[in-house]
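J.: Take a look at the following structure, please.
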Amino acid sequence: MSYSRIARFYKLIEQVTIGRALLDARLAHLNRLAQGAPIQHALLIGEGNGSFLLPFAQRFPETEITVVDESATMLQVARSRLQAAGVNTGRIEFRQADMTTELLPEAHYDLIVTLFFFDNFNETTVRQLVPVIERASAPVAQWLLSDFQIPASGWRRVRAKVWLTVLYAFFRCVAAIPARCVPPTEAIVEGAGFKPVARQTFCGEMLYSTLYVSNQGEVSSS
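Residue numbers for the sequence shown, in this note's numbering: 604 to 825.
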């Protein structure tokens, strides 16, 4: 799997397909995070071109951020966006890595961010990845998850099925992603010991954004 071929055009691809809703889903809980406990170490997995990283880094100037992506070109695009915006990247580690084999420090990150990442993988791989990521989370941690879903019924379900069929076919062709359908990521994350505290849907319920806290402790969100 590699997004390097389309890294420099990825923003345009988003704009002509799903559009603004993708960014809205990414940023849905940014204010809630800012109102909560200070975030010391954030892990952004599959961040891509920096659509979330830039506003997050601007909003949390003291947070140490680790960005993991399999595409060196995507990381370069993300870094360039931050530099163009005048963001100091000295506290941000850009790490090219395959998460299916990457080793992470244990109990380190108090924020995990996976935005439109797990939809690249089949359910078996997601079930392997989530426990690895969970072990990297601090005892008191938050997990921000955004992804695609198929609504339960009605025209929105039909619309989502059509869109996702097209999108999966496209990204299997241009990025060689292994997945063919959306995995049940929310249930898997909850099974790993995280509970949802806020959830929003977008684009006719085809996108969702959920904020979780670990069951090992409470994170203030007042």
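Backbone N, C-alpha and C define an ideal beta-carbon position, used for all residues, glycine too. It should be emphasised that the depicted structure is a prediction, and the values quoted were computed from it without experimental measurement.
1) So what's R698 in DSSP terms, helix, strand or just coil?
2) Since S624 contacts F805 with CB under 8 Å, what's their CB separation in whole angstroms?
3) Do L770 and T666 have their beta-carbon atoms positioned less than 8 Å apart in this structure?
4) Comparing C-alpha positions only, which one of V800, M809, P787, F751 sits nearest to G757?
5) So, for T717: in the same chain, excluding its five sequence neighbours on each side, which residues have a beta-carbon less than 7 Å away from its beta-carbon?
6) Taking just the CA atoms, how far does P786 sit from E726?
7) The beta strand (DSSP E) that contains Y815, what's its start and end?
8) Candidates Q679, L636, V761, G807: which alpha carbon is nearest I695's?
9) I'd like the span of the beta strand (DSSP E) that includes T717, first residue to last.
10) Tell me the residue span of the alpha helix (DSSP H) that contains L633.
T.: Reading off the structure:
1) Strand, per DSSP.
2) As written in the sequence, residue 624 is Ala, which differs from the Ser given in the question. With a Cβ gap of about 4 Å, A624 and F805 count as contacting.
3) For T666 and L770, no; Cβs fall outside 8 Å.
4) Per the Cα distances, M809.
5) Excluding residues up to 5 positions away in sequence, I648, G649, L748 lie with their Cβ nearer than 7 Å to the Cβ of T717 in the same chain.
6) Each residue's alpha carbon lies about 5 Å from the other.
7) From DSSP, the beta strand (DSSP E) with Y815 extends over 810–817.
8) That would be Q679, whose Cα lies nearest to the Cα of I695.
9) T717 -> beta strand (DSSP E) spans 712–718.
10) Looking at the DSSP string, the run of the alpha helix (DSSP H) that includes L633 is 633–638.
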